[in-house]
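All residue numbers for the sequence shown refer to this note's numbering, where the first residue is 2 and numbers rise by one.
Structure first, commentary second.
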Amino acid sequence: MAEVHQIRLATDELPTRWYNIIPDLPEPLPPPIGDKQLQELPNLMIGPCLQQEFSQDSWIDIPAGVQELYLRAGRPRPLFRAHALEKVLGTPARMYYKSEFYSPTGSHKVNTALAQVYYAKETGTERLTTETGAGQWGTALSYACAMAGLKCTVYWVRAVYRWKKSRRNLMNLYGAEVYASPSPKTQVGKALYDTDPNHPGSLSIAISEGLEAARDPKAAYSLGSVLNHVLMHQSVIGLETQKQFEKVGDYPDMVISCLGGGSNFGGFALPFMGDVLTKGKKIKFIAAQSQSAPNLQGEYKYDYADHGEMTPQLKMYTLGHQATFPPIMGDGLRYHGCSPIISLLRNAGRIDTIAYPQDEKYVFERAELFCRTEGFLPAPESAYSIACAIDEALKCKESKEDKVIAFNVSGHGFMDMVGYDEVLKLSDRTPLDEPTR
Ligand SMILES: Cc1ncc(COP(=O)(O)O)c(C=O)c1O
2 MAEVHQIRLA
12 TDELPTRWYN
22 IIPDLPEPLP
32 PPIGDKQLQE
42 LPNLMIGPCL
52 QQEFSQDSWI
62 DIPAGVQELY
72 LRAGRPRPLF
82 RAHALEKVLG
92 TPARMYYKSE
102 FYSPTGSHKV
112 NTALAQVYYA
122 KETGTERLTT
132 ETGAGQWGTA
142 LSYACAMAGL
152 KCTVYWVRAV
162 YRWKKSRRNL
172 MNLYGAEVYA
182 SPSPKTQVGK
192 ALYDTDPNHP
202 GSLSIAISEG
212 LEAARDPKAA
222 YSLGSVLNHV
232 LMHQSVIGLE
242 TQKQFEKVGD
252 YPDMVISCLG
262 GGSNFGGFAL
272 PFMGDVLTKG
282 KKIKFIAAQS
292 QSAPNLQGEY
302 KYDYADHGEM
312 TPQLKMYTLG
322 HQATFPPIMG
332 DGLRYHGCSP
342 IISLLRNAGR
352 IDTIAYPQDE
362 KYVFERAELF
372 CRTEGFLPAP
382 ESAYSIACAI
392 DEALKCKESK
402 EDKVIAFNVS
412 GHGFMDMVGY
422 DEVLKLSDRT
432 PLDEPTR
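Encoded structure:
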């Protein structure tokens, strides 16, 4: 029989509920703290999302309008069996990857962007403000706002804004206003911008700018990671993957994904973690990070989510909300804190982590192998998931174990070729034969 490469779901198999792991956690989730900041949240955030943040329901219906937006964005997305990669590695492991790279803007971030925009529109918001690091979240929100006819303002970490010109242009095509952060547009940004107009910025500064801009009564602030409701919206990834494993009669021994603030890892892994916590399944979970910002190796304590201390404090693994981190091409993994839900699970010993070297050569070489065998070009962040999955598959080769490895390829790298070039020196392999225009 021919090998099965792609496991698909029909459109009517799209999940109709999101999974909220909070009631199933091994201990209660420590609440956010900070009276002043908590009081301001209802004026800044999208009302239904703020309610979902504190929900104790295990399952939350995905509104029909969001389901339609998911279908328009091409969900459900296939699960692939990596036969070609397995053969080249010579591993007895069975490797499966989820294809979030099929998203219209290039990453999983659209799953929560579409939900948040839907609720914002329902509750009369006219503009969403946000921050972005790698640019994937900013693009996803720009796209989602375009789908719903809302305005969008994006504050983008300057160091990345400068080199990702194509992504900047794409946000602009979707109609968003995009500013390098720190910007002179907000008080918090101006204070830093005035001392250094070339300030490279950080995600936590850009969050402060997005929050400040949301003080406009017609605007609301939208966050693309870390928070409980964001991870819950992203659970659509793992829920689809569970159905796909059922279809082929297989089940993962290992669930692997990259982690910055936690929305990608959480969306893919938490439905499986639910199986572990409520059904006695045994799975090893690994979060892949960069040594540039290995937040899961930080301290587990209360800290702010932003530089300007406008957010409540969250109990999380953190490297410090005003810390600075060396730039990397997988910029979406460069954030000081990890989602409270994932932090709690890490603290409870449920999640392992690995941090790859900052020069990214090791990780990008594995992405190149994936590209050559499976044919898809991963986003730099997704390259970390791939590197970790390959490492585990090679361990299986050593130990002769036929484990099942599931990993999420959270985005495509079509707009990140500059990063690939820089790390792998691609231009040296194919020198130009004439000057560029
Ligand atoms: C393609 C891609 N994958 C993964 C991530 C990490 O997501 P999170 O920060 O929510 O963990 C990002 C973040 O920007 C991303 O752009």
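In this text, a Cβ means the ideal position worked out from N, Cα and C, and glycines have one as well.
What are the residues that DSSP puts in a beta bridge with residue i?
i, result
"Q290", "A356"
"P32", "None, per the DSSP bridge assignment."
"E210", "E210 is not bridged to any residue."
"V256", "F286 and A407"
"K122", "None; K122 has no bridge partner."
"D62", "R18"
"M96", "I406"
"I8", "L80"
"R128", "K152 and A220"
"H413", "P379"
"V179", "V155"
"T319", "E300 and G338"
"Y305", "Q314"
"S108", "G412"
"T242", "None; T242 has no bridge partner."
"M46", "Y222"
"T279", "DSSP output for T279 lists no bridge partner at all."
"T133", "W157"
Please classify residue i as buried or exposed, where buried requires at least 16 other C-beta atoms within 10 Å of its C-beta.
i, result
"H337", "buried"
"D360", "exposed"
"Q426", "One detail in the question is off: residue 426 reads as Lys in this sequence, not Gln. Its Cβ having fewer than 16 others within 10 Å, K426 is exposed."
"R159", "buried"
"I467", "Only positions 2 to 438 of the chain appear in the structure, and residue 467 is not among them; the question remains open."
"K122", "buried"
"E213", "buried"
"F269", "buried"
"M330", "buried"
"P432", "exposed"
"T242", "buried"
"T196", "exposed"
"R73", "exposed"
"R430", "exposed"
Below 8 Å on the Cβ atoms is my guess for residue i versus residue j; work out the distance and round it to an integer in Å.
i, j, result
"N112", "S56", "That pair is no contact at about 17 Å."
"P148", "V118", "A small fix is needed here, since residue 148 is Met in this sequence, not Pro. At roughly 7 Å, the Cβ-Cβ gap stays under 8 Å, so M148 and V118 are in contact."
"P93", "C389", "Not a contact, Cβ separation roughly 18 Å."
"Y493", "Q314", "Nothing can be reported for residue 493, as the shown portion of the chain is limited to 2 through 438."
"R95", "D62", "So it is not a contact: roughly 34 Å between Cβ atoms."
"S226", "G261", "6 Å"
"T279", "G299", "29 Å between Cβ atoms; not a contact."
"Y71", "L15", "6 Å"
Any beta-carbon of chain D closer than 8 Å to the one on residue i?
i, result
"E101", "Among the protein chains of the structure shown there is no chain D, as only one such chain exists."
To the nearest angstrom, how far is the alpha carbon of residue i from that of residue j?
i, j, result
"V189", "H308", "9 Å"
"S428", "G134", "26 Å"
"I387", "L378", "11 Å"
"K99", "L90", "19 Å"
"F102", "G321", "31 Å"
"G239", "L115", "17 Å"
"I355", "L297", "9 Å"
"D217", "V155", "15 Å"
"P27", "L171", "42 Å"
"K362", "V424", "6 Å"
"S182", "L193", "9 Å"
"I391", "P43", "44 Å"
"Y162", "G150", "25 Å"
"V419", "S167", "10 Å"
"F371", "P185", "42 Å"
"K191", "A306", "20 Å"
"A221", "G125", "10 Å"
"C153", "N199", "24 Å"
"P64", "E399", "47 Å"
"P327", "G136", "17 Å"
"G107", "T312", "28 Å"
"G140", "K401", "One point to set straight first is that residue 140 is Thr, not Gly, in the sequence displayed. Rounded to whole angstroms, T140 to K401 spans 43 Å at the Cα level."
"A177", "S258", "29 Å"
"Y301", "G202", "25 Å"
"S344", "E435", "52 Å"
"G412", "P105", "10 Å"
"V448", "Y252", "Absent from the structure is residue 448, since the part of the chain shown begins at 2 and ends at 438."
"D13", "E69", "11 Å"
"V364", "I47", "37 Å"
"A215", "L45", "6 Å"
"V237", "W157", "27 Å"
Relative to ligand 2, is the shortest distance from any of its heavy atoms to the C-beta of residue i smaller than 7 Å?
i, result
"E382", "Annotation note on ligand 2: not contained in the displayed structure, which lists ligand 1 as its ligands."
Measuring CB atoms only, is the stretch 79-86 touching the stretch 51-61, in the sense that at least three cross pairs come out at less than 8 Å? Too few Cβ pairs lie closer than 8 Å, so no.
Touching by the beta-carbon criterion (3+ pairs, under 8 Å), the stretch 245-254 and the stretch 119-138: Short answer: they don't touch.
Does the stretch 73-81 come into contact with the stretch 2-12, if we say contact requires no fewer than three beta-carbon pairs (one atom in each stretch) closer than 8 Å? As far as the Cβ criterion goes, the stretch 73-81 touches the stretch 2-12, which means the pair count is three or higher.
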